[in-house]
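Those protein sequence lines, which keep their order, are chains A and B. Per our numbering, the first sequence starts with residue 2, numbered consecutively. Per our numbering, the second sequence starts with residue 43, numbered consecutively. Glycine included, C-beta positions come from ideal geometry on N, C-alpha and C.
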Amino acid sequence: MKHFDYVQPKTMDEALASWEPGASWLGGGTNLVDLMKLGVTQPQRVIDLTRIPDLGEITFQQDGSVRIGAMVSNAALARHAGFAQHFPMVAEALLSGASGQLRNMATVAGNLMQRTRCAYFQEETAACNRRTPGAGCDARDSDEELRALLGASPACVATNPSDFCVPLAALEAQVEVRGVNGTREIPFADFHLLPGDQPERETALEEGELIIALHLSAAAAGFARHARYLKVRDRTSFAFATTAAAAALRMEDGIITEGRLALGAVAARPWRVAEAEALLVGHAPDAALFGRAAEAAMAGAEAPAHLEWKIDLARRTAARALAMAAVGTPARMPALPASPFGQQNGDLAHV
Amino acid sequence: MSDTLSPQIRFGSNAGQPATRRDGLAKVTGVATFAADNTPEGLLYAVYAPAKIARGRVSHLDVAAAEAHPGVTHVITPQNRPELQGDPSAKPTMFSFRTEVLQDDTVCYAGQPIALVLGETLEAATEGARLLAPQYVADPVRVALDDNLATSFEPAGFGLPGGASHGDVEAGHAAATRSIDVSYETAAQYHNAMETHAIVAQWDGDRLTLDTPSQALNLSCAGFAYFFGIPPENVTLRSPYIGGGFGSKAIPTGPQVLAILAARMTQRPVKLMFTRQQMFGPVGHRGATRQRLRLGVDENTALTVIDHEGLAETSTFDDFVEPAANASQDLYAAGALRASHRLVRLDVGTPGPMRGPGEASGSAALECAMDEMAEVAGMDPLEFRLRNYAETQPGTGLPYSSKALRECYAEGAARFGWEGRPLEPRQMQGADGLLTGWGMGTALFPCPMFAAEARATLRPDGTALFETSAVDMGQGAWTVLAQIAADSLGLTLDQVEFRAGHSALPDGGVAGGSGHTATAGGALHAAGGDVLRQLGELATEDPQSPLYGAGNSSLVARDGWLLLEEDESRRERFADILIRAGQTEMTGTGHGGRAPEAAGRHAMNSHGAVFAEVKVDPDLCQVRVTRLVGAFAAGRIINPRLTESQLMGGMIWGTSFALHEAARHDRRSGRIVNADFAGYHVPVNADVSGLEVITVHEDDPYVNALGIKGVGEIGIVGTVGAIGNAIWHATGKRVRHFPIRIADLLAP
Ligand SMILES: Cc1cc2nc3c(=O)[nH]c(=O)nc-3n(C[C@H](O)[C@H](O)[C@H](O)COP(=O)(O)OP(=O)(O)OC[C@H]3O[C@@H](n4cnc5c(N)ncnc54)[C@H](O)[C@@H]3O)c2cc1C
Ligand code: SF4
Numbered sequence: 002m003k004h005f006d007y008v009q010p011k012t013m014d015e016a017l018a019s020w021e022p023g024a025s026w027l028g029g030g031t032n033l034v035d036l037m038k039l040g041v042t043q044p045q046r047v048i049d050l051t052r053i054p055d056l057g058e059i060t061f062q063q064d065g066s067v068r069i070g071a072m073v074s075n076a077a078l079a080r081h082a083g084f085a086q087h088f089p090m091v092a093e094a095l096l097s098g099a100s101g102q103l104r105n106m107a108t109v110a111g112n113l114m115q116r117t118r119c120a121y122f123q124e125e126t127a128a129c130n131r132r133t134p135g136a137g138c139d140a141r142d143s144d145e146e147l148r149a150l151l152g153a154s155p156a157c158v159a160t161n162p163s164d165f166c167v168p169l170a171a172l173e174a175q176v177e178v179r180g181v182n183g184t185r186e187i188p189f190a191d192f193h194l195l196p197g198d199q200p201e202r203e204t205a206l207e208e209g210e211l212i213i214a215l216h217l218s219a220a221a222a223g224f225a226r227h228a229r230y231l232k233v234r235d236r237t238s239f240a241f242a243t244t245a246a247a248a249a250l251r252m253e254d255g256i257i258t259e260g261r262l263a264l265g266a267v268a269a270r271p272w273r274v275a276e277a278e279a280l281l282v283g284h285a286p287d288a289a290l291f292g293r294a295a296e297a298a299m300a301g302a303e304a305p306a307h308l309e310w311k312i313d314l315a316r317r318t319a320a321r322a323l324a325m326a327a328v329g330t331p332a333r334m335p336a337l338p339a340s341p342f343g344q345q346n347g348d349l350a351h352v
Numbered sequence: 043m044s045d046t047l048s049p050q051i052r053f054g055s056n057a058g059q060p061a062t063r064r065d066g067l068a069k070v071t072g073v074a075t076f077a078a079d080n081t082p083e084g085l086l087y088a089v090y091a092p093a094k095i096a097r098g099r100v101s102h103l104d105v106a107a108a109e110a111h112p113g114v115t116h117v118i119t120p121q122n123r124p125e126l127q128g129d130p131s132a133k134p135t136m137f138s139f140r141t142e143v144l145q146d147d148t149v150c151y152a153g154q155p156i157a158l159v160l161g162e163t164l165e166a167a168t169e170g171a172r173l174l175a176p177q178y179v180a181d182p183v184r185v186a187l188d189d190n191l192a193t194s195f196e197p198a199g200f201g202l203p204g205g206a207s208h209g210d211v212e213a214g215h216a217a218a219t220r221s222i223d224v225s226y227e228t229a230a231q232y233h234n235a236m237e238t239h240a241i242v243a244q245w246d247g248d249r250l251t252l253d254t255p256s257q258a259l260n261l262s263c264a265g266f267a268y269f270f271g272i273p274p275e276n277v278t279l280r281s282p283y284i285g286g287g288f289g290s291k292a293i294p295t296g297p298q299v300l301a302i303l304a305a306r307m308t309q310r311p312v313k314l315m316f317t318r319q320q321m322f323g324p325v326g327h328r329g330a331t332r333q334r335l336r337l338g339v340d341e342n343t344a345l346t347v348i349d350h351e352g353l354a355e356t357s358t359f360d361d362f363v364e365p366a367a368n369a370s371q372d373l374y375a376a377g378a379l380r381a382s383h384r385l386v387r388l389d390v391g392t393p394g395p396m397r398g399p400g401e402a403s404g405s406a407a408l409e410c411a412m413d414e415m416a417e418v419a420g421m422d423p424l425e426f427r428l429r430n431y432a433e434t435q436p437g438t439g440l441p442y443s444s445k446a447l448r449e450c451y452a453e454g455a456a457r458f459g460w461e462g463r464p465l466e467p468r469q470m471q472g473a474d475g476l477l478t479g480w481g482m483g484t485a486l487f488p489c490p491m492f493a494a495e496a497r498a499t500l501r502p503d504g505t506a507l508f509e510t511s512a513v514d515m516g517q518g519a520w521t522v523l524a525q526i527a528a529d530s531l532g533l534t535l536d537q538v539e540f541r542a543g544h545s546a547l548p549d550g551g552v553a554g555g556s557g558h559t560a561t562a563g564g565a566l567h568a569a570g571g572d573v574l575r576q577l578g579e580l581a582t583e584d585p586q587s588p589l590y591g592a593g594n595s596s597l598v599a600r601d602g603w604l605l606l607e608e609d610e611s612r613r614e615r616f617a618d619i620l621i622r623a624g625q626t627e628m629t630g631t632g633h634g635g636r637a638p639e640a641a642g643r644h645a646m647n648s649h650g651a652v653f654a655e656v657k658v659d660p661d662l663c664q665v666r667v668t669r670l671v672g673a674f675a676a677g678r679i680i681n682p683r684l685t686e687s688q689l690m691g692g693m694i695w696g697t698s699f700a701l702h703e704a705a706r707h708d709r710r711s712g713r714i715v716n717a718d719f720a721g722y723h724v725p726v727n728a729d730v731s732g733l734e735v736i737t738v739h740e741d742d743p744y745v746n747a748l749g750i751k752g753v754g755e756i757g758i759v760g761t762v763g764a765i766g767n768a769i770w771h772a773t774g775k776r777v778r779h780f781p782i783r784i785a786d787l788l789a790p
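Structure (structure tokens):
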């Protein structure tokens with residue numbers, strides 16, 4: 002093991018003061034520590050944020066918006082009754098991620114910042130532009146299945162693996178970050194970056210900045226009655242998404258007045274397409290409509306021959322998520338959250 | 043089994059009871075010491091660097107950087123590796139492979155050890171191994187079945203399986219009025235027991251003490267001793283608890299040998315424990331196969347031929363060919379059979395036995411092919427199997443020692459609710475839109491026995507000590523073997539002290555081939571019988587005994603008494619017999635094994651029938667196994683609770699085989715890219731929603747004296763095919779490879 006400093010600041014100021022280039026913030030450690038063991042990241046200093054008290058709060062504001070502290074655990078957030086009621090698809094996405102033990106450890110900020118699961122990124126000896134700028138990309142001509150269908154670049158074809166981030170993108174969350182120069186908020190759409198020719202730049206965080214909270218607006222809670230997350234994968238649980246989609250609708254008298262759709266596991270960030278969402282407005286829920294929206298959401302998707310099926314699957318996933326949202330958010334969280342097998346009484350499968 | 047069993051041994055007071063695990067408390071409280079839990083004084087930690095390419099050679103290791111790292115004490119490479127006394131290419135025991143112990147700089151597979159780093163801490167050794175930053179001269183790799191030429195080979199025992207044939211295969215093909223010709227592929231699976239391989243090695247002069255999980259203690263001692271030029275009795279091997287073996291812990295591996303070498307070189311105890319990633323390399327795996335099956339039936343839907351050709355991968359430097367086609371040999375009454383094997387050499391570690399070797403992969407293909415044949419014949423899959431039921435062993439005509447397969451079919455089908463299954467696929471769609479499919483598969487596993495020894499000591503207080511080196515791999519041997527031992531003396535389970543898992547004890551044989559309970563159990567039972575025989579002789583020949591003149595064969599033992607069977611008022615306590623004879627203890631020994639004559643008189647197999655229900659989302663193509671019912675006939679069931687666990691575990695592995703497990707190689711480097719549990723998937727709880735095991739009564743007077751068959755492996759067999767068939771039934775799609783995934787069902 003490589004030696005590193007480990008510090009445990011008790012206040013935000015201490016935390017910011019202990020930053021130095023080459024340091025890493027530590028949340029639950031479920032991603033960072035694994036990558037350190039693999040030699041993929043080698044911070045000189047690890048700054049443990051879990052002892053800073055005010056990062057662990059979930060606060061509903063007067064206006065109905067919510068502020069979620071960066072160190073709230075994935076499990077605690079998903080199980081927070083008020084939160085799950087207002088933002089059911091966020092809770093559903095959280096509960097479909099990883100395993101119970103991991104969700105207990107994993108933090109909100111850590112989940113947003115988790116690195117790609119690209120097998121070549123995780124192997125120290127493979128060429129990876131994201132890990133070592135300019136080194137090349139061994140994934141591009143490989144059989145790797147976790148591969149971006151959208152927004153990829155010649156330099157990098159990795160995906161963002163997070164489930165949590167998909168509904169957050171759909172609901173236009175804001176990420177509150179803090180650095181030595183103060184606090185700012187980053188709209189979710191700008192938070193994760195597409196690789197372009199600088200895949201090593203993964204998020205909009207500046208050097209030394211850290212996430213302190215996440216905000217969801219009262220308007221976002223307005224989708225609560227028609228909001229679902231759907232995650233498709235070969236294993237029923239404890240697996241990253243093959244494809245995923247978060248769909249949220251606002252409906253009046255059986256007509257969609259506003260729609261949100263974000264796709265997971267298809268790009269380096271949750272994938273949202275304004276045209277796809279616009280297609281939904283003013284229509285009654287209908288399988289053909291959802292098919293068109295899904296088509297629009299995946300417009301421009303590209304895959305090598307061995308993964309063409311995935312474009313098809315992503316479309317189907319998006320269309321199904323919309324259909325599930327149209328039926329309505331179930332009164333209780335399904336026993337298998339976000340699963341095609343999580344339907345209750347068969348009432349959610351088809352519009 | 044043994045002619046020393048003259049007094050009748052009661053069998054059943056403990057056997058047949060669902061006793062809970064004797065080692066359960068120790069395990070759940072963490073008291074049980076597994077190999078790597080040992081931390082002797084002065085310990086050095088060993089970490090090996092695995093090759094990150096599959097073919098070529100190591101051109102540079104930064105030894106200086108590793109050595110300079112604080113805490114690193116030694117770096118062992120092919121340049122400075124101390125001599126081994128034995129030849130690493132030799133096969134010193136029945137279960138041996140060529141071991142990779144830094145012979146030279148050649149790389150034959152990814153994950154091969156290319157250097158060993160020793161350190162004062164695990165962290166230091168780990169970082170040292172990383173700092174070696176190996177450079178390679180890489181050659182193009184061959185990691186898929188088509189990457190090299192398939193060749194035939196001469197059968198030669200372990201690793202190079204013979205095939206089987208009977209009847210006139212060409213005539214069988216010609217006689218068929220309907221036939222199929224299909225090819226199935228199975229993916230490579232890597233050994234990943236919960237406990238990864240570990241060893242703690244300590245030398246004292248030319249005596250070696252090892253803490254290492256071993257499915258075959260005494261064989262392992264002989265294997266390790268060979269490499270170091272010492273007699274096997276100089277090796278003490280302790281393996282009280284094993285966190286799963288599945289065939290991978292019967293065979294010494296290179297890294298273990300290197301750790302022992304390092305301990306000798308440094309004259310300090312050395313510990314080496316594989317990381318999860320390192321399990322994808324030198325510890326054996328279930329090799330990928332491609333199997334062509336040609337079946338034909340006549341106008342009565344009787345099989346005229348089973349023609350099963352297996353192709354399996356092996357390494358470039360040793361032989362283990364998955365004997366998949368042999369799964370076809372004992373099951374169905376075909377007029378003619380040909381089971382044959384070929385191999386293809388790839389840049390992978392040498393495959394090896396993995397739970398259900400041959401049968402698991404072979405049955406996956408055979409049982410799907412049987413359904414394809416039934417479909418062509420327009421017949422229900424179960425009816426088709428019954429139509430071709432083998433009443434005697436196909437080819438030889440030998441009777442089965444016992445075969446309650448018909449009952450397995452009947453009970454399994456009834457419990458599952460097979461009746462009324464639509465013949466056509468895609469007929470069952472629920473209100474939730476999900477497609478439902480039902481499939482089945484037959485299971486067969488042979489009943490081999492190895493050889494084992496045991497010792498029983500009756501103590502003056504009426505309790506007994508039983509000893510054998512036999513190991514518990516987690517399957518429950520601590521409990522089951524003690525149950526058999528207790529019965530042999532008519533004692534209760536708590537009157538028996540049972541010692542196992544130590545090489546100084548009588549050789550308990552091999553925990554493998556599903557033959558452990560029968561073999562080691564037979565030895566223990568015979569050892570108890572030997573004590574009773576001696577007690578009986580003392581009593582019946584002693585005029586002072588109430589049993590005087592009774593004759594040995596009419597005695598029974600119960601609750602610490604020896605009794606006359608037809609008149610139980612004539613009886614005497616074990617303790618009294620001993621005291622009068624002036625003995626404080628009495629020791630008996632026993633042997634377990636099968637006489638060759640017995641093996642020639644009957645065909646011996648466990649059987650079963652597995653029924654599967656799957657649900658498939660018609661658009662998203664995600665699959666879930668919603669019910670599995672397995673009915674198994676496996677001779678006498680010593681412990682129904684542990685048997686159920688074994689069979690359930692097997693069926694879950696079957697689910698894994700059918701839907702999840704597959705090692706994926708990077709096509710350029712040959713590295714396995716999913717070499718951890720985030721990427722290499724096995725079922726989780728949510729994948730196992732309905733799982734039911736039925737054991738069907740079976741009395742087998744021939745298989746061995748105790749009537750025990752095995753239950754360790756058969757659960758996988760049949761399950762894979764049942765799931766594949768159920769997926770076809772749900773979707774109408776016949777996927778001819780495993781695992782079956784969303785992408786396969788999505789394809790038009
Ligand atoms: C086996 C396995 C399966 C998984 N399956 C899933 C899945 O199905 N779906 C899914 O979504 N996720 C999955 N995950 C990923 C999991 O969600 C992440 O590991 C977890 O959310 C990371 O949170 P953490 O608090 O442990 O982060 P850490 O490991 O502590 O940190 C992760 C990254 O975030 C940075 N960081 C932490 N806190 C801050 C902060 N306040 N500000 C800025 N940067 C910060 C760290 O420096 C690091 O780079 C899986 C993980 C594993 C190991
Ligand atoms: S896809 Fe991106 S993360 Fe993966 S190897 Fe290429 S550059 Fe690295």
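Contacts of residue i in chain C (Cβ-Cβ under 9 Å)
i	result
B:His723	The structure shown contains no chain C; its protein chains are A and B.
Cα-Cα separation, residue i to residue j
i	j	result
A:His351	B:Leu191	Note that A:His351 scores 33 on pLDDT, short of 50, meaning its location in the model is unreliable; the coordinates nonetheless yield the value given after this. Between A:His351 and B:Leu191, the C-alpha separation is close to 50 Å.
B:Glu740	B:Lys657	33 Å
A:Pro271	A:Arg261	12 Å
B:Val386	B:Ala402	19 Å
A:Ala336	B:Ser731	12 Å
A:Gln9	A:Thr51	8 Å
B:Asp549	B:Ala292	14 Å
B:Ala452	B:Ala406	21 Å
7 Å Cβ cutoff met for residue i and residue j
i	j	result
B:Thr817	B:Thr278	Outside the displayed span of chain B (43 to 790) sits residue 817 of chain B, for which this structure offers no information.
A:Glu125	A:Gly40	yes
B:Val242	B:Tyr178	no
B:Arg429	B:Thr343	yes
List, from N- to C-terminal side, the alpha helix (DSSP H) runs of 4 residues or more that fit wholly inside the segment 13 to 37 of chain A. Those alpha helix (DSSP H) runs which fall completely within the segment 13 to 37 of chain A and span 4+ residues are 13 to 18.
Can you give me, in chain order, the residues of the segment 304 to 333 of chain A that have a beta carbon less than 7 Å from any beta carbon in chain B? Look at the segment 304 to 333 of chain A: the residues with a C-beta under 7 Å from a C-beta of chain B are Trp310, Asp313, Leu314, Arg317, Thr318, Arg321.
Counting only runs that start and end within the segment 100 to 179 of chain A, where is the alpha helix (DSSP H) found for 4 or more residues in a row? 101 to 106, 109 to 114, 166 to 171, all fully within the segment 100 to 179 of chain A.
Interfacial residues, the segment 688 to 710 of chain B to chain A, with Cβ spacing under 8 Å: Close to chain A, meaning a Cβ-Cβ distance shorter than 8 Å, are the following residues of the segment 688 to 710 of chain B: Leu701, His702, Arg706, Asp708, Arg709, Arg710.
If we require 3 or more residues per run, which beta strand (DSSP E) segments fall completely within the segment 283 to 333 of chain B? Complete beta strand (DSSP E) runs here, min 3: 312 to 315.
May I have a chain-ordered list of the beta strand (DSSP E) segments no shorter than 3 residues that lie completely inside the segment 373 to 413 of chain B? Listed in chain order, they are 378 to 387.
Three Cβ pairs or more, each shorter than 8 Å: is that satisfied between the segment 441 to 458 of chain B and the segment 600 to 616 of chain B? Output reads no: the segment 600 to 616 of chain B does not touch the segment 441 to 458 of chain B.
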